[in-house]
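Participant: Input: one structure, supplied below.
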Amino acid sequence: SSQVDARAIEITKFATYILVQAPAVFLLVRRGISKNLLKGPIGLLLLFVSWMLFSTIWATSSSNTVFESLTLVLTCAVGLYVARSFRLIEQLTLFCIAMQPGLVFSWFAVRQNWAGSVQPEDGNWIGIYFNRNSLAPPAALGLLAASALLWVVLAHRPKRWIAIGLTLIAVALFDSYLLVRSGSSTSIGAVIVFGLVWLFWTVIRWWQRRKNISLRQMLRVVYTSFLFGTVLLTWLGFQFQSALLNRLGRKIDFNGREVLWSFSWSGFKDKPIIGWGWMSAWRTQQFFHDREFWWALTNNYWSHSAIMDVLLGGGIIGATLLVVAIIWSGARQLGSVCSEISGQWAFAATWFVIAASTQESFIIGNHFMLVLLVSSMIGYQADQNDDSLNKTNSPA
């Protein structure tokens, strides 16, 4: 038959993702994770992905949950491998370099007028990706990683720092150009959140060095205020971004997503404790038929919000495990944020992913944004006998 079996394509994609991620998982297993690390947020993060894998037992679409939960575990393991194996400066370099091939090919595709590289209705760039919201995240991450590396270069001025700095500026400008041309307000909004978080912790680093603030004070006052302020600003940013973008002459339309979120919230209330099974609800007929306007959404397979996906897939238990892991990981990194080179990255990158995940399903297997989230949450975790944690006394 000339028809292509869609299931065969999915299985092929699944096998390809496994092969690509397998080396990192193998090296992580070979190196292992100490019991001391498992007692912290790493252990809680592993409980979260284990819960989603365990949800296959009660999932309403168990065959899909098996695939999706296994990829979630694999990609989370890749993030742990990155955190265990590479210091922050190395992670920034890896992320910056890894984003560039797809962005260069996307620019080339648009320049050569390849079919599907530009949205005809508004001129937004897609490149070689699925849509503009697939192009924007790698452009945003490339921009942020290059900017963080530039911050380090300007602060420490290593050999050939001018050439390195000019190269990073060129990369940042190129990536920011593609980000703007994608027209994705989700990634642009998340970049703004990143910038605000980076600025906050830059001020805190300066304040902590001048006043010699203790870690206990940082935890009780600074970190608590940071969590409250970040959640509030993220919510306000996305709540009023329509008005802001309209003032800047740009349009945004979340009407379709709001229907998806309404569906997701309604479905969560049906199974609030344990959920429907990871990424299972949108594959279940019952999920649609019990709700209004279901016929308009039957071709959707996720919530366009990782927050809703987590609530739907794992219920309150799954969401609680992830939230506590994120908060706990931040508390664990309070010391390094004020002493490590470009230590602001840990918090800024974490909340960049969280902000973007309010609008897109980025906490999902086989997506580099999950690798970024896990590695930034956990930070560099060396073996216990490795005390060279890439520290610096620089005010950068």
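Residue numbering for the sequence shown follows my numbering, beginning at 179 and increasing consecutively.
Ideal placement from N, C-alpha and C gives every residue a C-beta, glycine not left out.
1. So for tryptophan 587, helix, strand or coil by DSSP?
2. Does the distance from the C-beta atom of leucine 272 to that of leucine 356 stay below 7 Å?
3. If we require 4 or more residues per run, which alpha helix (DSSP H) segments fall completely within the stretch 486–554?
4. So the alpha helix (DSSP H) proline 219 belongs to, where does it begin and stop?
5. State buried or exposed for threonine 194, treating a residue as buried only when at least 16 other CB atoms are found within 10 Å of its CB.
6. In terms of residues, what are the limits of the alpha helix (DSSP H) holding tryptophan 329?
7. Determine the contact status of alanine 237 and glycine 493, defining contact as a CB-CB distance below 7 Å.
8. Our contact map puts arginine 359 next to tryptophan 303 with C-beta atoms below 8 Å; I'd like the distance itself, whole angstroms only.
9. Buried or exposed for isoleucine 556, please, with buried defined as at least 16 other CB atoms from any protein chain shown within 10 angstroms of its CB.
10. Please look up how many angstroms separate the CB atoms of glutamate 410 and isoleucine 505, rounded, as I've assumed it's under 8 Å.
11. List the residues that DSSP assigns as beta-bridge partners of valine 296.
12. Please list the segments of the beta strand (DSSP E) lying wholly inside the stretch 364–419, counting only runs of 3 or more residues, in order along the chain.
13. Going by the beta-carbon positions, is the gap between valine 502 and leucine 222 smaller than 7 Å?
14. Mind the definition here: the stretch 288–301 touches the stretch 334–350 only if three or more C-beta pairs lie below 8 Å; say whether that holds.
15. Please classify glutamine 199: is it buried, with 16 or more other beta-carbons within 10 angstroms of its beta-carbon, or exposed?
16. Report yes if the C-beta distance between cysteine 516 and arginine 310 is below 7 Å; otherwise report no.
17. When you compare only the Cα positions, how much space is there between valine 549 and glycine 343?
18. Identify which residue in Arg510, Ala497 and Leu500 has its Cα closest to the Cα of asparagine 214.
19. Just curious, the alpha helix (DSSP H) that glycine 257 is in, first and last residue?
20. Less than 7 Å between the beta carbons of leucine 330 and serine 520, yes or no?
21. Span of the alpha helix (DSSP H) holding asparagine 214?
22. What are the start and end residues of the alpha helix (DSSP H) that includes serine 354?
23. Indicate, with yes or no, if the ligand PLP has a heavy atom lying under 6 Å from the CB of tryptophan 385.
Facilitator: According to the structure shown:
1. With the chain running from 179 to 574 in the structure shown, residue 587 is simply not present.
2. Locating residue 272 in the sequence shown gives position 94, counting from the first residue. Locating residue 356 in the sequence shown gives position 178, counting from the first residue. Contact flag unset, no.
3. 512–515 and 523–535
4. For this step, residue 219 is matched to residue 41 along the sequence shown. Unbroken alpha helix (DSSP H) run through proline 219: 219–232.
5. By 1-based counting over the sequence shown, the position of residue 194 is 16. Classification for threonine 194: exposed.
6. By one-based count along the sequence shown, residue 329 stands at place 151. Its alpha helix (DSSP H) spans residues 310–334.
7. Your numbering for residue 237 matches position 59 in the sequence shown. Your numbering for residue 493 matches position 315 in the sequence shown. Not in contact: alanine 237 and glycine 493 (Cβ atoms no closer than 7 Å).
8. As a working note, residue 359 is residue 181 in the sequence shown. As a working note, residue 303 is residue 125 in the sequence shown. Confirmed, about 4 Å.
9. Locating residue 556 in the sequence shown gives position 378, where the first residue counts as 1. Buried is the call here.
10. Taking the sequence shown and counting its residues from 1, one reaches residue 410 at position 232. Taking the sequence shown and counting its residues from 1, one reaches residue 505 at position 327. Checking the displayed sequence, the identity of residue 410 turns out to be leucine instead of glutamate. Contact doesn't hold; Cβ gap of about 15 Å is too wide.
11. The residue given as residue 296 occupies position 118 in the sequence shown. Per DSSP, Trp303.
12. none
13. If you number the sequence shown from 1, residue 502 lands on position 324. If you number the sequence shown from 1, residue 222 lands on position 44. Yes, they are a contact pair.
14. no
15. Position 21 of the sequence shown holds residue 199. Looking at its Cβ environment, which holds 16 or more other Cβ atoms inside 10 Å, glutamine 199 is buried.
16. What you label residue 516 is simply residue 338 of the sequence shown in a count that begins at 1. What you label residue 310 is simply residue 132 of the sequence shown in a count that begins at 1. The answer is no: Cβ separation not under 7 Å.
17. In the sequence shown, counting from the first residue as 1, residue 549 sits at position 371. In the sequence shown, counting from the first residue as 1, residue 343 sits at position 165. So the two alpha carbons sit approximately 26 Å from each other.
18. Position 36 of the sequence shown, counted from the first residue, corresponds to residue 214. Nearest C-alpha to asparagine 214: Arg510.
19. Residue 257 sits at position 79 when you count from the first residue of the sequence shown. Per DSSP, glycine 257 belongs to the alpha helix (DSSP H) from 240–263.
20. Here the question's residue 330 lines up with position 152 in the sequence shown. Here the question's residue 520 lines up with position 342 in the sequence shown. For clarity, residue 330 is valine in the given sequence; the question names leucine instead. Cβ distance < 7 Å, so valine 330 and serine 520 count as in contact.
21. The sequence position of residue 214 within the sequence shown is 36, counting from 1. Asparagine 214 -> alpha helix (DSSP H) spans 213–216.
22. Counting from one through the sequence shown, the residue named residue 354 turns up at place 176. Per DSSP, serine 354 belongs to the alpha helix (DSSP H) from 339–360.
23. With respect to small molecules bound, the structure shown includes none, and the ligand PLP cannot be examined in it.
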